[in-house]
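Before any comments, here is the structure.
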Amino acid sequence: TQLLEQSPQFLSIQEGENLTVYCNSSSVFSSLQWYRQEPGEGPVLLVTVVTGGEVKKLKRLTFQFGDARKDSSLHITAAQPGDTGLYLCAGYRAGSYQLTFGKGTKLSVIP
Amino acid sequence: DTGVSQDPRHKITKRGQNVTFRCDPISEHNRLYWYRQTLGQGPEFLTYFQNEAQLEKSRLLSDRFSAERPKGSFSTLEIQRTEQGDSAMYLCASSLRWGADTQYFGPGTRLTVL
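Just so you know, the protein sequences line up as chains A and B, in that order.
According to my numbering, numbering within the first sequence proceeds without interruption in unit steps and concludes at 111.
According to my numbering, numbering within the second sequence proceeds without interruption in unit steps and concludes at 1114.
This is how it looks when you write it as structure tokens:
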């Protein structure tokens, strides 16, 4: 059983469309991080959310941490081809130092 | 550039050979982590150092794997008697503080075992 479930697993959209990626768990996380990874490279940190209900914006990307700190979402407005990549959510369960990753959402933005 | 660096970026080896990877964390980061990532999966935790002490090892880390961080700076991950199932991306990350701290990843070492 995957501790962090990401959906959808694959997403192919046209440039200019909006999209939302979800990261869900039955466990409580003390923090969640979102990374983007390109083929052959390591994950690059986008944002860390710590407080339940927290919303963070990074240009066209909006990240939300669920009130109960069990889930998170990433919303991209007006997607661009440069947004293409694997989006990974990762979190620390309360009391643990191990970072647990979801399987990722592979996003393709078609020009 | 003061990010996490890994060497080599790619390694192709024959089954049964030994390989060693190096990771240089961000300077002043006390914590260093190793992960393995296979196709279609997110990174999976292998082991973790606080300074030079190896504090935790995942059950994924068989006795063919050994990691060191001798002076609390760079780290090495050695795989002995490689198997085809060891083929994966090996990622290193570092963080400044204990616990729920942001981890910064290196570019990874892609291992292919023939």
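A virtual CB, placed ideally from N, CA and C, is assigned to each residue, including glycine.
Leaving aside the five residues before and after residue i along the sequence, list all residues of the same chain whose C-beta is less than 7 angstroms from its C-beta, in chain order.
i	result
residue 85 of chain A	36, 37, 38, 107
residue 1084 of chain B	1015, 1113
residue 1087 of chain B	1111, 1112, 1113
residue 56 of chain A	47, 49, 63
Determine, using beta carbons only, whether residue i comes closer than 7 angstroms to chain B.
i	result
residue 43 of chain A	yes
residue 51 of chain A	no
residue 84 of chain A	no
residue 56 of chain A	no
Is residue i close to chain A? Criterion is C-beta to C-beta, closer than 7 angstroms.
i	result
residue 1106 of chain B	yes
residue 1061 of chain B	no
residue 1091 of chain B	yes
For residue i, which residues in chain A fall below 7 angstroms Cβ to Cβ?
i	result
residue 1103 of chain B	99
Quick check: what's the CA-CA separation for residue i versus residue j?
i	j	result
residue 1063 of chain B	residue 103 of chain A	26 angstroms
residue 154 of chain A	residue 1018 of chain B	What is shown of chain A runs 1 to 111, which leaves residue 154 of chain A out entirely.
residue 42 of chain A	residue 1093 of chain B	9 angstroms
residue 1055 of chain B	residue 1097 of chain B	14 angstroms
residue 92 of chain A	residue 50 of chain A	10 angstroms
Taking C-beta pairs closer than 9 angstroms, name the residues in chain B that residue i reaches, listed in chain order.
i	result
residue 61 of chain A	By Cβ distance, chain B contributes nothing, its closest Cβ being about 17 angstroms from residue 61 of chain A, past 9 angstroms.
residue 102 of chain A	1042
Considering only residues of the same chain and omitting the five flanking positions on each side of residue i, which have a CB-CB separation below 8 angstroms?
i	result
residue 1132 of chain B	Only positions 1001 to 1114 of chain B appear in this structure, which leaves residue 1132 of chain B out of reach.
residue 110 of chain A	12, 13, 14, 15, 81
Excluding sequence positions up to five away, which residues of its chain have a Cβ less than 6 angstroms from the Cβ of residue i?
i	result
residue 1021 of chain B	1077, 1090, 1109
residue 1025 of chain B	1004, 1032, 1094
In chain B, which residues lie less than 8 angstroms from residue i when you measure between Cβ atoms?
i	result
residue 88 of chain A	1042, 1043
Which residues in chain B have a C-beta closer than 7 angstroms to the C-beta of residue i? List them in chain order.
i	result
residue 48 of chain A	1102
residue 40 of chain A	1110
Near-chain B residues of the stretch 22 to 36 of chain A - C-beta to any C-beta below 9 angstroms:
Within the stretch 22 to 36 of chain A, the qualifying residues are 29, 30, 31, 33, 35.
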